[in-house]
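Residue numbers (the working numbering), protein chains in the order written: chain A, 24 to 250; chain B, 24 to 250.
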């Protein structure tokens, strides 16, 4: 019998690649997305498309009121998304986001009897988010094995971060080899309702550079006023 | 200036005592409760009363659809709450519950600039839940300090579990000394809408034994058909 895995799926380039990698490794994939008070829902629509195209057996969306806490340009309409590179931890950082998403993935994994959780964090392009570092992922895995029946009953859980040490260009090459259609994904922090990207935020910049460095035409749909 | 703390507050005996302890230690307390698809909401009403009576400056309730995942008698109406003691991890275990609640407390703490989170777990009476053990709390704290700005910027977070090694009787004595009115709290896994307790579930049994062992009259309001 194939093993089940929970795959965190944002609808962006990285997590779509992770889903393709998990499926290629033989897992039955249960995709999990979050509506955590993002300014736009284009990425959730993208997540649903990607889950279907890449053969997830199930796709769930959990609503999380992190926007109520404030503190991030991605959830707080009073903070502008920066359109030029910034130093240090960016204001688009969502407080404890990966911790919260992995915790809920852990809850679902436990119910499914899954011992594998996949997340698309990336240390090379990590944009200054502390919860994308390898040492965070390792500490979460250790904690998860003390938190759950699996840990108690001797069938340990693994947190897989297969993009951890890849460049954006390597991620794109890997995904294309596995059949990912990146035109279906949305990475932009301020995408329109139709999923079109702004082309100027941090996420757009990293994504565009990735296609350039991979020597591949960028299939991203940009807004019309983008030059 | 007083430090802020996030205090997880269920509306039960333990977390009410923790809130009293945190306030007594001088923290400005922000209470956090979860509506995670419990069968009853009497404990959320109790949490609101307790937050007010014990001087929390704020009380927030986050709705979490853990019930959608199933797997626990507390969130899945198809599983009966056991009325006699059981061996091993009980079916009232909610998957990864403390991990999920601490993760969201961490998100709020980061926005508030709080470096202290309080939780009412208890290793002595822990009823077989893996996520109540001291080694779990330590592993969560370590992970939290790698996950957040605080960890990066050198102002570490602490997860406080002040009931960790206390008996239920000790918890009750401590809370009474700090002015907790336990008649306002609800511990029962299947309390009525009016907050009255069944008297027979694990939570009721542990609570009643605590009052007996402390030599204190049990102020709990029980259902009328309870003998």
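For glycine and all other residues, C-beta sits at the position ideal for the given N, C-alpha and C.
Beta-carbon gap between residue i and residue j smaller than 9 angstroms
i, j, result
"residue 34 of chain B", "residue 243 of chain B", "no"
"residue 162 of chain A", "residue 137 of chain B", "no"
"residue 195 of chain A", "residue 237 of chain A", "yes"
"residue 140 of chain B", "residue 30 of chain B", "yes"
"residue 222 of chain B", "residue 246 of chain B", "yes"
"residue 84 of chain A", "residue 65 of chain A", "no"
"residue 118 of chain B", "residue 81 of chain A", "no"
"residue 218 of chain B", "residue 54 of chain B", "no"
"residue 201 of chain A", "residue 145 of chain A", "no"
"residue 130 of chain A", "residue 122 of chain B", "yes"
"residue 159 of chain A", "residue 124 of chain B", "no"
"residue 87 of chain A", "residue 58 of chain A", "yes"
"residue 239 of chain A", "residue 199 of chain A", "yes"
"residue 76 of chain B", "residue 204 of chain B", "yes"
C-beta neighbour in chain B for residue i, strict 9 angstroms
i, result
"residue 183 of chain A", "no"
"residue 81 of chain A", "no"
"residue 30 of chain A", "no"
"residue 156 of chain A", "yes"
Neighbourhood of residue i by C-beta distance below 7 angstroms, restricted to the same chain and skipping five residues each side
i, result
"residue 45 of chain A", "28, 30, 52, 141"
"residue 241 of chain A", "231, 234"
"residue 73 of chain B", "32, 34, 39, 42, 207, 208"
"residue 157 of chain B", "146, 187"
"residue 128 of chain A", "29, 31, 55, 140"
"residue 176 of chain A", "none"
Own chain partners of residue i with C-beta closer than 6 angstroms, once the 5 adjacent residues on each side are dropped
i, result
"residue 210 of chain B", "35, 36, 226, 230"
"residue 164 of chain B", "182"
"residue 78 of chain B", "46"
Cβ of residue i within 9 angstroms of any chain A Cβ
i, result
"residue 87 of chain B", "yes"
"residue 27 of chain B", "no"
"residue 208 of chain B", "no"
"residue 119 of chain B", "yes"
"residue 123 of chain B", "yes"
Same chain, Cβ closer than 8 angstroms to residue i, neighbours up to 5 away in sequence not counted
i, result
"residue 172 of chain A", "133"
"residue 25 of chain A", "49, 50, 51"
"residue 135 of chain A", "27, 29, 53"
"residue 155 of chain A", "121, 144, 145, 146, 149"
"residue 214 of chain A", "63, 65, 66, 220, 221"
heavy atom of the ligand GDP below 8 angstroms from residue i C-beta
i, result
"residue 187 of chain B", "Because no ligand of any kind appears in the structure shown, any question about the ligand GDP cannot be addressed here."
### Task
Please list the residues of the stretch 126–154 of chain A that have a C-beta atom closer than 7 angstroms to any C-beta atom in chain B, keeping them in chain order.
126, 127, 129, 130, 131, 133, 134, 153, 154
### Task
At 3 residues or longer, and completely inside the stretch 39–85 of chain B: list those beta strand (DSSP E) runs for me, N to C.
51–58
#### Entry: Ranges of the beta strand (DSSP E) found wholly within the stretch 155–226 of chain A, counting only runs of at least 3
181–183
### Task
Please list the residues of the stretch 158–178 of chain A that have a C-beta atom closer than 8 angstroms to any C-beta atom in chain B, keeping them in chain order.
158, 159, 162, 163, 165, 166, 167, 169, 170, 171, 172, 174, 175
### Task
Mind checking the stretch 50–75 of chain B against chain A and listing, in chain order, the residues whose C-beta falls within less than 7 angstroms of any C-beta there?
none
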